[in-house]
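Here is the structure we will look at.
In our numbering, the protein residues as written are 15 to 243.
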């Protein structure tokens, strides 16, 4: 069952969303802000608990975020999500300006829906994004890479990857042989800007993580050309 995170400080809208999503087969977790006292029908996660300056956000398969939240804006929550995951994010907000919408996409949102929303349209967009997420998995032999969760699995063990490491491994899993320039170009196309020295460091870190889950010598260097699995 897909788990959807709701960050919405208006109780009426939050309860309406929770009921709609549960009725359509989703698990719901609501991020509790200062003005959001939980009731008996909601699974809540505290908002504002931090480790250093990092807000703790519960794991989810998709996030529905309002923008104008007490304590921390939806924009900042989206930035935090994007630091650790590529789960789909939808801004659901009353803000109508093009500037707000562009800022939402700029911090990593996948969609932007204005209130009042139409239930069937919202559900269709959620389903589309979750379908896209479910297809974002690559497998080569016993190695499985999740492009959304930024994890790699081998023989039942899992390692967390950075965005750079995920894109590098995805390149290697999709081609027989990848040149250094091809990998760097792919990273640049995904707004991950590195040079050959940084690529070398990332490859070594990726190899170490693969060894940590038992995938020995999966990445091979082709001297003077690039890398292959």
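Every residue, glycine too, gets a C-beta built ideally from N, C-alpha and C.
Can you give the Cα-Cα distance for residue i and residue j, rounded to whole angstroms?
i: residue 223; j: residue 16; result: 28 Å
i: residue 212; j: residue 225; result: 20 Å
i: residue 67; j: residue 198; result: Unreliable placement is indicated for residue 67, whose pLDDT of 41 sits below 50; the coordinate value is still reported in the next sentence. Rounded to the nearest angstrom, the two C-alpha atoms are 31 Å apart.
i: residue 232; j: residue 93; result: 32 Å
i: residue 194; j: residue 114; result: 38 Å
Once the 5 residues before and after residue i are set aside, which same chain residues still bring their CB inside 6 Å of it?
i: residue 65; result: Since pLDDT at residue 65 reaches only 37, below the 50 mark, its modelled position is unreliable, and the value read off the structure follows with that caveat. Around residue 65: no qualifying Cβ.
i: residue 160; result: 151
i: residue 57; result: In this predicted model, residue 57 has a pLDDT of only 49, less than 50, meaning its place in the structure is not dependable enough to derive any value.
i: residue 124; result: 102, 103, 143
Should residue i be labelled buried (16 or more other beta-carbon atoms within 10 Å of its own) or exposed?
i: residue 183; result: buried
i: residue 84; result: exposed
i: residue 107; result: buried
i: residue 130; result: exposed
i: residue 82; result: exposed
i: residue 210; result: exposed
Excluding five sequence neighbours on each side, which residues of the same chain lie with their C-beta closer than 8 Å to the C-beta of residue i?
i: residue 156; result: 168, 169, 229
i: residue 207; result: 201
i: residue 18; result: 35, 40, 41, 42, 43, 74, 75, 76, 77, 78, 140
i: residue 185; result: 192, 196, 197, 200
i: residue 220; result: 175, 179, 182, 183, 233
i: residue 158; result: 151, 152, 166, 167, 168
i: residue 87; result: 81
i: residue 110; result: 128
Taking the alpha helix (DSSP H) that residue i belongs to, which residues open and close that run?
i: residue 180; result: 177 to 188
i: residue 212; result: 210 to 226
i: residue 200; result: 194 to 203
i: residue 128; result: Note, residue 128: premise wrong, no alpha helix (DSSP H); beta strand (DSSP E) at 125 to 128.
What residue does the beta strand (DSSP E) around residue i start on, and which one ends it?
i: residue 240; result: 240 to 242
i: residue 76; result: 76 to 79
i: residue 71; result: Premise fails: residue 71 is in no beta strand (DSSP E) and is neither H nor E.
i: residue 22; result: Premise fails: residue 22 is in no beta strand (DSSP E) and is neither H nor E.
i: residue 174; result: 171 to 174
Could you give the C-beta distance for residue i and residue j, rounded to a whole number, given that I count them as a contact under 8 Å?
i: residue 179; j: residue 216; result: 6 Å
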